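Here is the structure we will look at.
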Amino acid sequence: MNENEFTQEDWRRLLRHLGENPDRQGLRDTPQRVDKAWQHWVSGYQQDPAEILKVFEDGAEKYNELIVVRGIPVYSHCEHHLAPFFGTATIGYTPNGKIVGLSKLTRLVECFSKRLQVQERLTMQIAESFMTHVQPLSIGVVIRCRHMCMESRGIRTPGQETITSALLGEMQSNLGLRTEFLALAREKD
Ligand SMILES: [Zn+2]
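Converting from the sequence shown to my numbering requires adding 38 to each position, the first position being numbered 1.
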């Protein structure tokens with residue numbers, strides 16, 4: 039067994055540490071369930087953005103206007119508390135001959151969000167990997183999330199969102215483009 043592997047007994051110890059009795063009915067299968075759930079929540083470590091973005095769609099050779107996709111689901115866990123944070127991402131880009139399907143954008147967001155994260159780095163990683171592998175003229179990513187570690191402890195009002203953005207390429211130099219993208223990203227999904 040891998041020395042980093044968490045055993046059933048480790049999860050049982052955690053339950054005892056939380057003040058519980060791991061042998062009571064409702065908790066008997068919890069170690070296996072939690073283990074399986076966590077494998078899913080951090081499955082992004084096994085995904086490669088280069089692999090996700092290597093297939094392009096045809097027909098975009100002459101299209102160089104802004105493409106914006108909103109409402110891409112984000113489910114992640116903060117690396118400071120292992121608590122969930124979740125919300126949506128908006129991705130906008132101006133292609134340079136290559137466009138990608140919606141499912142690729144969803145998978146790219148999953149690849150980085152299904153890891154232990156901070157929202158700022160998550161936002162930047164999505165923008166940078168898209169820039170590297172698709173090479174658009176510009177890329178912008180805006181993420182709005184609710185953080186359970188803050189809301190549940192009363193640091194934030196319930197429902198309050200944290201908004202982060204990363205703008206690369208012409209989004210940095212072209213004020214009109216940046217304004218257009220941010221206005222579209224600001225509207226509620
Ligand atoms: Zn946190």
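Note that CB positions come from ideal geometry on N, CA and C, so glycine has one too. Since we're looking at a predicted model, the values are computed, not measured.
Helix or strand or just coil, what does DSSP make of residue i?
| i | result |
| --- | --- |
| Ala221 | helix |
| Gln63 | helix |
| Tyr101 | coil |
| Arg108 | strand |
| Val80 | coil |
| Gln155 | strand |
Would you kindly work out how many angstroms separate the C-alpha atoms of residue i and residue j, rounded to a whole number?
| i | j | result |
| --- | --- | --- |
| Leu215 | Leu160 | 23 Å |
| Val112 | Cys149 | 10 Å |
| Arg182 | His118 | 18 Å |
| Trp76 | Asp67 | 14 Å |
| Glu41 | Gly139 | 40 Å |
| Asn102 | Pro174 | 9 Å |
| Glu95 | His55 | 52 Å |
| Leu120 | Leu154 | 7 Å |
| Thr128 | Ile137 | 16 Å |
Report, in whole angstroms, the separation of the C-beta atoms of residue i and residue j, which I expect to be a contact under 8 Å.
| i | j | result |
| --- | --- | --- |
| Ile201 | Val180 | 7 Å |
| Ile110 | Thr126 | 6 Å |
| Val228 | Cys116 | Outside the modelled stretch of the chain, which goes from 39 to 227, sits residue 228, for which no answer is possible. |
| Gly130 | Ala223 | 7 Å |
| Lys142 | Ile177 | In fact, because the Cβ distance is near 13 Å, the residues do not count as touching under 8 Å. |
Check whether the Cβ of residue i lies closer than 7 Å to any heavy atom of ligand 1, and answer yes or no.
| i | result |
| --- | --- |
| Cys187 | yes |
| His118 | yes |
| Ala127 | no |
| Ala121 | yes |
Mind checking if residue i is an interface residue toward chain B, Cβ cutoff 8 Å exclusive?
| i | result |
| --- | --- |
| Val180 | No chain B is present in this structure, which holds just one protein chain. |
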